[in-house]
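Residue numbers (the numbering used here): 1224 to 1374. Every residue, glycine too, gets a C-beta built ideally from N, C-alpha and C. The structure presented is a predicted model; accordingly, all values stated were derived computationally and were not measured. Encoded as structure tokens, the structure appears first; notes follow it.
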Amino acid sequence: MKLFLILFSIISSTFFITNVDIFSLKKKTTTTVLMQDNTVLVKKIKARISALKKQRKKLKNLKKWSSVKEKSYVEEIKKLEAGLKKLGYKESNNLSVEEKIKKLQKELKYINNNRVNKNAKNSWTKEDDAIYEKKASKLIDSIIKLRKMLN
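Given below as structure tokens:
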């Protein structure tokens, strides 16, 4: 009987210790949620859609396109477009005037940084400077025209 009580106390104490360890581990664990950037997925889906459209056009020109292929093509395009919709992609080619101005200003800033960059200063030629001046003048003119449209 004493042996039974000793074994029981040892088993119960080890069980209790393991339970405490399990519970303490659960309290220490933390979860981190990562937000995924969907731009890569959107690009892949758009590339797949354009590839399907090119393939369809090519096969239609070769007169190897059938109604069965058309059905599968339409279904796959619908699935891909639904995937784009789920990702929150909205195709909008029409930018507002303010957005166009911001885009042109960013482009102007980018080419200006290329010119002023200390690595480029050593290898900058007169031809490069002439090209820069042409691009910059076009961008500045278009920015001015767009700003006049706003006012």
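Item: Residue nearest to M1372 in terms of C-alpha spacing, selected from E1321, K1332, L1282, K1326; Value: E1321
Item: Contacts around L1327, its chain only, beta-carbon distance under 7 Å, and the 5 residues preceding and following it disregarded; Value: L1362, S1365, I1366
Item: Rounded distance between the beta-carbons of L1310 and L1264, thought under 8 Å; Value: 6 Å
Item: As assigned by DSSP and simplified to three states, the class of T1362; Value: The question names Thr, but residue 1362 is Leu in the sequence shown. Helix.
Item: I1354, buried or exposed, once every other Cβ within 10 Å from all chains shown has been counted against 16; Value: exposed
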